[in-house]
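Peer 1: What follows is a structure written as structure tokens; I'll ask about it next.
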Ligand SMILES: [Zn+2]
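In the numbering used here, the protein residues as written are 5 to 446.
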């Protein structure tokens, strides 16, 4: 089975091994025997965790050698004995840096625990591509989730993602993220993710049943307007906490976390290599999907449009001018005003999301206009292609390259942190459903 863990792959999980042994070799083994074998195979193939920290500078060097323009960094600290120890590591691949330039200016940042001997956290920044799929931007492994480590991550991120009032940073409501965001991204908006918001609302307004109201509001407004309404009427959240776009941040962060699970107990270098391979694979598979597209609209956007078209049939349209319309629900008479020239609607979805809402579609149908003309460029095939066309090349063997002495001579020991005995938590650390809501955040 050792070969399955080689080339820095995550390999099968211990729980999968008994069945694999049974079917491939007609051999039975207990779970614990498999678990131990997996540990040994991983060490044999990927090296020990200690050696992985030592090799990381060389690995980053060859990543950049194979993929020029990628950004990596390592921060170390001196321990009591004056030895150099790992503190943080950062990696953003060239393909992601280039692709980000064509994405909508929304990023989701998230932190997740690692399961290895030296624990640590994996910090991620990602966006959403034209087909609503996770678009990874940058990754960092830090010894711990603190104000300082988040701040370091955001500082590195500013080399890729430029601060501005057109940028939204979405995260759950961890205080450390807010502090780091305010320092490095003072101009951008900060939205909290809907699922956490909903849990917080649930925790605070249990009796008054506001949770459903938030859910309903989110459904109706596809997030964009919920922040404004909530801020004013329910939560009294401070300035700057607005929700923007239809970006279901929690879906983005959680699907990324899920993809990374197989590597979260890998030594640090193997984890970064897993990420590199994952990104390379995702881009190839998206390019394949793009090459098979018949029209200009990616499948997920098409699906959303189909739903909106279906909903649009329930509306009556009254033209107010060449481009302005009053669009009302036939059953209740309530409705919105749509302006097809400015691509806006009083429901806010059209202008915030960039995809025509049901009201706008009703208006477009009234004028016999193609709805697809009103989809923002960010959701079209050409943009999707631009974002995912970067190629990430495999890393060469460091032994085949000349590595400068400042890289090869660096002796970096593992971080001071070490996982306490016992099973590590397998869930995301912060979840307002599980911990009391901190009053200062509501
Ligand atoms: Zn609308």
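Backbone N, C-alpha and C define an ideal beta-carbon position, used for all residues, glycine too.
Distance check for residue 257 and residue 243, CA to CA, integer angstroms please.
Peer 2: Confidence at residue 243 is low in this model, with a pLDDT of 31, below 50, so the placement of that residue is unreliable and no value is reported for it.
Peer 1: Output the boundary residues of the beta strand (DSSP E) element that contains residue 175.
Peer 2: Taken as a continuous stretch (DSSP letters only), the beta strand (DSSP E) holding residue 175 covers 172 to 175.
Peer 1: Hey, could you find the ends of the beta strand (DSSP E) residue 114 is sitting in?
Peer 2: Residues 110 to 117.
Peer 1: In whole angstroms, what is the alpha-carbon distance linking residue 407 and residue 274?
Peer 2: The alpha-carbon atoms of residue 407 and residue 274 are separated by roughly 20 Å.
Peer 1: Under the three-state reduction of DSSP, which class applies to residue 331: helix, strand or coil?
Peer 2: Residue state, collapsed to three classes: strand.
Peer 1: Which residues end up in the neighbourhood of ligand 1 when you take C-beta atoms closer than 7 Å to any of its heavy atoms?
Peer 2: Checking every Cβ against the heavy atoms of ligand 1 under 7 Å gives 340, 342, 349, 350, 351, 353, 354, 361, 362, 363 and 364.
Peer 1: What does the alpha-carbon distance come out to for the pair residue 373 and residue 350?
Peer 2: Whole-angstrom Cα-Cα distance: 20 Å.
Peer 1: Taking the alpha-carbon positions, what's the residue 61 to residue 125 distance?
Peer 2: Those two C-alpha atoms are separated by around 19 Å.
Peer 1: Assign residue 122 to one of three DSSP states: helix, strand, or coil.
Peer 2: Three-state DSSP puts residue 122 in coil, outside helix and strand.
Peer 1: Count the other CB atoms, across all protein chains shown, that sit within 10 Å of the CB of residue 169; report buried if there are 16 or more and exposed otherwise.
Peer 2: Burial call: exposed.
Peer 1: So residue 88 packs on residue 82, CB below 8 Å; how close in whole Å?
Peer 2: About 6 Å; that satisfies the 8 Å criterion.
Peer 1: Rounded to a whole number of angstroms, what is the C-alpha to C-alpha distance between residue 193 and residue 167?
Peer 2: Going from the Cα of residue 193 to the Cα of residue 167 covers about 10 Å.
Peer 1: Would you mind working out which of 353, 329 and 183 sits nearest residue 312, comparing C-alpha positions?
Peer 2: Of the listed residues, the one whose Cα sits closest to residue 312 is 353.
Peer 1: Let me confirm a value: residue 95 is counted as buried when at least 16 other C-beta atoms fall within 10 Å, else exposed. Which label applies?
Peer 2: Buried: at least 16 other Cβ atoms inside 10 Å.
Peer 1: With a threshold of 6 Å on Cβ separation, who are the neighbours of residue 18 within its own chain once the five nearest residues in sequence on each side are excluded?
Peer 2: If we look at residue 18 and ignore the five residues flanking it on each side, its Cβ neighbours are 38, 39 and 42.
Peer 1: Buried or exposed: which applies to residue 323, given that a residue is buried once 16 or more other Cβ atoms fall within 10 Å of its Cβ?
Peer 2: The residue in question, residue 323, is exposed, as its Cβ has fewer than 16 Cβ neighbours within 10 Å.
Peer 1: Quick check on DSSP: helix, strand or coil for residue 340?
Peer 2: Strand.
Peer 1: Mind checking whether residue 22 and residue 9 have CB atoms under 9 Å apart?
Peer 2: The answer is no: Cβ separation not under 9 Å.
Peer 1: Under the assumption that residue 188 contacts residue 162 (Cβ atoms under 8 Å), give the Cβ distance between them as a whole number of angstroms.
Peer 2: Yes, residue 188 and residue 162 are in contact; Cβ-Cβ is about 5 Å, under 8 Å.
Peer 1: If residue 366 sits next to residue 305, beta carbons under 8 Å apart, how far is it from one beta carbon to the other, in whole angstroms?
Peer 2: Their Cβ separation, rounded to whole angstroms, is 19 Å, which puts residue 366 and residue 305 out of contact at 8 Å.
Peer 1: From residue 181 to residue 75, what does the alpha carbon distance come to, in whole angstroms?
Peer 2: If you take the alpha carbons of residue 181 and residue 75, they lie about 22 Å apart.
Peer 1: So, helix, strand or coil for residue 90, using DSSP?
Peer 2: Strand at residue 90.
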